[in-house]
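Written below as structure tokens is the structure these notes are about.
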Amino acid sequence: MRLWQRRAAVLLAAAAGGVLFARPLLGAEAAAPTTPGVKIDGAYADWRNLWLPPDISQHGHNIDGLIYFLHGFMGVLFVGWGVFFVYCLFRFRQRAGQRADYNLVKAKPSKYAEIAVAIIEAVLLLGFSVPIWASVKNDLPTEAQNPLRVRVLAEQFAWNFHYPGKDGKFGRTAPQFVNTASNPVGLDRSDANAKDDIVSGEMHLPVDRPVICDISSKDVIHSFAVPVLRVKQDAIPGMRIPVWFQATKTGSYEIACAQLCGNNHYSMRAVMVVEPKDRFDHWLEEKSKPPEEFEEE
Amino acid sequence: MSSHDHHTQGHGSGAHHELSFWRHYVFSTDHKVIGVQYGITALCFLFLGFCLMMMMRWQLAYPGQPMPVIGKFFGEAAMPGGIMLPEFYNSLGAMHGTIMVFLGVVPLLVGAFGNYVMPLQIGAPDMAFPKLNMASYWVFAVGGIVMLVSFFVPGGAANSGWTSYAPLSVIATMGQTLWLIGMVFLITSSLLGSVNFIVTIIQLRAKGLSMFRLPFFVWAQLVTAFLLLLAFPPLEAAGVMQLMDRVAGTSFFMPEGLVVSGVPSTVAGGGSPLLWQHLFWFLAHPEVYVLILPALGIVAEIIANNTRKPLWGYRPMVYSAIFLGFMSFIVWAHHMFMTGMGPTISTFFATTTMIISIPSVIILTALVISLYRASIRFTVPMLFALAFLPMFAIGGLTGLPLGLPASDIPLHDTYYVIGHFHYVVAPGTIFGIFAGIYYWYPKVTGRKMNDVLGKIHFWLSFVFINMVFGPMFVQGLAGVSRRLYSQVGYAHGEAVQSWTITSSWGAWLLGLAQIFFIVNFFMSMRAGKKVSDNPWEATTLEWAAPSPPPHGNFTTPPVVYRPPYEYSVPGLAKDYFPQHAAAEA
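Order-wise, the sequence lines are chains Y and H. Just so it is clear: in the first sequence, position 154 is 876 by this note's numbering, and no numbers are missing. Just so it is clear: in the second sequence, position 367 is 375 by this note's numbering, and no numbers are missing.
What follows is the structure in structure tokens.
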């Protein structure tokens, strides 16, 4: 090693060490309190936060498995490739009286490696990604599975959750009925189907029952993101896009907006409460009061 | 350029009459002056874009706390009491992206390196259309000024992201109108430039310089020029359409039935917000290859020169670059997997995305195998070129989980994406740019930049840039959305807030490290060591011209006898055999 190389190595090690040791000093350990009033589950506050958050969905382990495998695959490629790279840097550095080899090596191994990478990518795509995507997008639960249907209507900067009520039918909605305070989704109160509809700013769901969310937006594009459910779907005005999942663990979780939607994009979050069937039914009961009382809220 | 024709007949620099100051340094038609103009302007914009980001990093690390020192200069509309407002944060975010891509990196790679180096490397006296070249720079400058002015209009600069998704961008404040006008200028500039590049490379090559004797850098510029020529017109059209949506009441991108802030919208409706995304990404994905191909070209030149042996796999690299160019037009919708796309379309775009990774792997592999049995000189440009390889590899590999729709679900629009593409363009492309500046500086000025300062600059940048972008993968996996004014308040955001702080300190330290570059850059103009015309003992044609090259470039028109990287040819006394040398001197 030449002098500057040794110096650079010392510098590199010192900087890396400095970063690790300085983290607490930079205020890195000072965690602030979270959403007031609600204890949010579903985030690791220890070393496990280096990885994906906890998974509370039925389909999530497929996605997580794919991500685990991909990172392993990426790691193998990077390390294998990096070892050769670093070996070359040391082995073939310039030395007095020695020339580079003009002739090019026949690199069969690299050709095989490239073919292997292509095959693995094809398998990952066709064998894993496509089936998972198809089940998430196409295999919506049938009526026999008794899915809960919820309309999710995004707006700057809030989420509205519209439940059909006991009759299982959504009331008619139209833009002219929208009132930000009393009627955020623009429900037509004269429609018979609308009588028992529930609109809430907090999402309540029964555990272990399939849920179909129809996602749309009133104004700009938002994105319905629930990290613990491994669910993400853009909310696009003029389109109503279904997304389905089944939560497997009770608790309070966070819904975030994942698409820049304006000044308060950062605070556009809602709470998702996953609860046992009886408590969910109780919540529905509480919420489905006559419209007059609803408006007084 | 009245004397242009004479130059091609070999009269050289003495043949032209004296030009006035304005024609020589300001409204010049000389590709080298224009290249330097582009370079200086774009480096200033690169620095500005970096400063915007360093301000954002304060808000992210210490949300709601007044910014020390700098905060009080920004007034009540942006930072009351030194505390950044969300609207100002969004402006900074949108303009950081716009400035870095359209006013920093592309003008540097194409406008500066392309303009300065490419004609020299092909042995041409100038570009094919020198006046068009000048027009291209000045249209670019107007676009840049419009973008800068937009910071001072009511409501501040554009704040809908560099992607400007409708309807948000259509209902945004006035800055967005200026953004669109600025973009129309910048796109026009790129179109003028790309036509010029293509004609120059096809028509003005020196005698004997067949296409497969071109340096890889020239091939990269050729493919890039085609990408700019074919991909930018749809965005120019889309930009004008969005401008009409904003100022003329059309609704190309506005659906009916919108209710904004509780008020039903009066727009006619019938448009599609997704149409904008398709038009935007139809440009912006090829744009990714505009950002990376010329950088790969620079790195290939420097690796060949400093390994002292021919590039391994020159032809496969050229074919890969051309294939990348074609494929880059049919992958755009992988940016839109979360827009409600069904399995058929998503499978198509995921397949093309997997296919496009293969030529990138081939180019990267070729560059690494080029190191085998080499004689590696660790010069400053070589350090940056070598660091480019693993950094670009990280950027490429992390594209894999994003390119598969299923694994994209938790990662889409999170910090994972930010980490991924910044590894491609920051320690990737920008390291390529630094490598190019250190490498060609002696050609432009006749002097070398200082080695010690260069090495300090390299090592500090290398460490700190990884400190900036490495933590973003952790944040992204945790599920933190991008473009948040603050992630504090989300339980999953607070769990990884310490990484945000680490990343911010990395950014500020990276900023400090650039002082070594800035000082070196200006100091070396006067105090740098004077060097010969070919200080790196390189083979390509730009080193056959004097340093700095005179108007018209070559004293005698060069003739090319061999491939571009004839290093360490057995039986010769010197370890390099220039393209233009008839026999060993």
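Note that the Cβ used here is the ideal one computed from N, Cα and C, for glycine as well.
Where residue i sits in the DSSP three-state scheme
i, result
"Met-249(H)", "helix"
"Ile-399(H)", "Looking at the sequence provided, one finds Met at residue 399(H) rather than Ile. In this structure, Met-399(H) counts as helix in the three-state DSSP scheme."
"Arg-871(Y)", "strand"
"Phe-743(Y)", "At Phe-743(Y) the pLDDT is 49, less than 50, meaning the model places this residue with poor confidence; the figure from the coordinates comes in the next sentence. It is helical."
"His-884(Y)", "strand"
"Gly-277(H)", "coil"
"Tyr-493(H)", "coil"
"His-1004(Y)", "helix"
"Met-994(Y)", "strand"
"Ile-441(H)", "helix"
"Asn-905(Y)", "strand"
"Arg-815(Y)", "strand"
"Glu-751(Y)", "Only weak support exists for where Glu-751(Y) lies, its pLDDT of 43 falling under 50; the value from the coordinates is given anyway. Three-state DSSP puts Glu-751(Y) in coil, outside helix and strand."
"Val-476(H)", "helix"
"Cys-979(Y)", "strand"
"Trp-544(H)", "coil"
"Met-135(H)", "coil"
"Gln-955(Y)", "strand"
"Met-533(H)", "helix"
"Gln-968(Y)", "strand"
"Gly-487(H)", "coil"
"Pro-566(H)", "coil"
"Glu-264(H)", "coil"
"Met-925(Y)", "strand"
"Gly-672(Y)", "There is simply no residue 672(Y) to check, as chain Y begins at 723 and stops at 1019 in what is shown."
Candidates the options, of which the one nearest residue i by Cα
i, options, result
"Pro-959(Y)", "Leu-251(H), Gln-184(H) and Pro-175(H)", "Pro-175(H)"
"Val-527(H)", "Gly-462(H), Pro-133(H) and Ile-78(H)", "Gly-462(H)"
"Asp-1023(Y)", "Leu-870(Y), Lys-954(Y) and Ala-838(Y)", "In the structure as shown, chain Y starts at 723 and stops at 1019, and residue 1023(Y) therefore has no counterpart that could be examined."
"Phe-356(H)", "Gln-495(H), Gly-411(H) and Glu-309(H)", "Gly-411(H)"
"Arg-490(H)", "Trp-170(H), Leu-217(H), Val-425(H) and Phe-345(H)", "Val-425(H)"
"Thr-360(H)", "Leu-788(Y), Ala-767(Y), Ala-840(Y) and Gly-782(Y)", "Ala-840(Y)"
"Gln-780(Y)", "Ile-943(Y), Ala-969(Y), Lys-828(Y) and His-944(Y)", "Ala-969(Y)"
"His-944(Y)", "Val-950(Y), Ala-916(Y), Asn-986(Y) and Ala-876(Y)", "Ala-876(Y)"
"Phe-288(H)", "Tyr-46(H), Ile-402(H) and Ser-172(H)", "Ser-172(H)"
"Ser-383(H)", "Ala-978(Y), Gly-984(Y) and Arg-813(Y)", "Arg-813(Y)"
"His-783(Y)", "Val-154(H), Met-64(H), Ile-417(H) and Phe-35(H)", "Ile-417(H)"
"Thr-208(H)", "Ile-364(H), Gln-505(H) and Ala-136(H)", "Ala-136(H)"
"Gly-105(H)", "Gly-407(H), Ile-441(H), Ala-395(H) and Trp-187(H)", "Trp-187(H)"
Cutoff 8 Å: residue i Cβ touching any chain C Cβ
i, result
"Thr-359(H)", "This model lacks chain C altogether, as its protein chains are Y and H."
### Query
Does the segment 290-300 of chain H come close enough to the segment 328-341 of chain H to have 3 or more Cβ pairs within less than 8 Å?
yes
### Message
Within 8 Å, do at least three Cβ pairs link the segment 578-592 of chain H to the segment 136-155 of chain H?
### Response
no
### Query
For the segment 789-822 of chain Y, which residues have a beta carbon sitting closer than 8 Å to at least one beta carbon of chain H?
Ile-789, Leu-792, His-793, Phe-795, Met-796, Leu-799, Phe-800, Trp-803, Gly-804, Phe-806, Phe-807, Cys-810, Leu-811, Phe-814, Arg-815, Gln-816, Arg-817, Gln-820, Arg-821 and Ala-822
### Query
Any contact of the segment 469-477 of chain H with the segment 335-348 of chain H, i.e. 3+ C-beta pairs under 8 Å?
no
### At least three beta-carbon pairs within less than 8 Å, the segment 888-907 of chain Y to the segment 967-977 of chain Y
no
#### Entry: Within 8 Å of chain Y by C-beta, residues of the segment 297-319 of chain H in sequence order
Thr-315, Arg-316, Lys-317 and Pro-318
### Query
Would you call the segment 885-901 of chain Y and the segment 856-868 of chain Y touching, i.e. three or more CB-CB distances under 8 Å?
no
### Task
Indicate whether the contact test is met: 3 or more Cβ pairs, each with one atom in the segment 118-126 of chain H and one in the segment 181-196 of chain H, closer than 8 Å.
no
### Message
Three or more C-beta pairs under 8 Å: does that hold for the segment 32-52 of chain H against the segment 104-122 of chain H?
### Response
yes
### Residues of the segment 330-347 of chain H whose Cβ lies closer than 8 Å to any Cβ of chain Y, in chain order
Met-346 and Thr-347
### Query
Counting Cβ pairs closer than 8 Å, one from the segment 54-65 of chain H and one from the segment 94-104 of chain H, do we hit at least three?
yes
### Task
Enumerate, from N- to C-terminal direction, the unbroken alpha helix (DSSP H) stretches of 4 or more residues contained entirely within the segment 759-826 of chain Y.
782-813
#### Entry: Cβ-based contacts, 9 Å cut-off: residues of the segment 111-122 of chain H near chain Y
none
### Query
Closer than 8 Å, Cβ to any Cβ of chain H: which residues of the segment 855-887 of chain Y, in chain order?
Trp-855, Ala-856, Val-858, Lys-859, Asn-860, Glu-877 and Gln-878
### Message
Quick test of the definition: if touching needs 3 or more C-beta pairs under 8 Å, does the segment 917-936 of chain Y touch the segment 872-887 of chain Y?
### Response
yes
### Task
Specify whether the segment 543-556 of chain H and the segment 442-462 of chain H touch according to this definition: at least 3 beta carbon pairs, one from each stretch, less than 8 Å apart.
yes
### Query
Residues in the segment 994-1006 of chain Y with C-beta within 7 Å of chain H's C-beta atoms, listed in sequence order?
none
#### Entry: Those runs of the beta strand (DSSP E) which lie wholly inside the segment 136-186 of chain H and span at least 3 residues
none
### Query
For the segment 35-50 of chain H, which residues have a CB atom closer than 9 Å to at least one CB atom of chain Y, in sequence order?
none
### Task
For the segment 929-950 of chain Y, enumerate the residues whose C-beta is nearer than 7 Å to any C-beta of chain H, in chain order.
Lys-940, Asp-941, Val-942, Ile-943, Ser-945, Ala-947 and Pro-949
### Query
Can at least three beta-carbon pairs, one atom from the segment 87-97 of chain H and one from the segment 405-421 of chain H, be found at a separation below 8 Å?
no
### Task
Decide if the segment 160-170 of chain H is in contact with the segment 72-81 of chain H; the criterion is three or more beta carbon pairs, one per stretch, under 8 Å apart.
no
### At least 3 beta-carbon pairs within less than 8 Å: the segment 522-538 of chain H vs the segment 790-799 of chain Y
no
### Message
With three or more C-beta pairs closer than 8 Å as the rule, is the segment 219-227 of chain H touching the segment 250-258 of chain H?
### Response
no
### Proximal residues, the segment 764-777 of chain Y versus chain H, C-beta separation under 8 Å
Gly-764, Ala-765, Tyr-766, Ala-767, Asn-771, Leu-772, Trp-773, Leu-774 and Pro-775
### Query
When you check each C-beta in the segment 69-100 of chain H against every C-beta of chain Y, which residues fall closer than 7 Å?
Pro-94, Glu-95 and Asn-98
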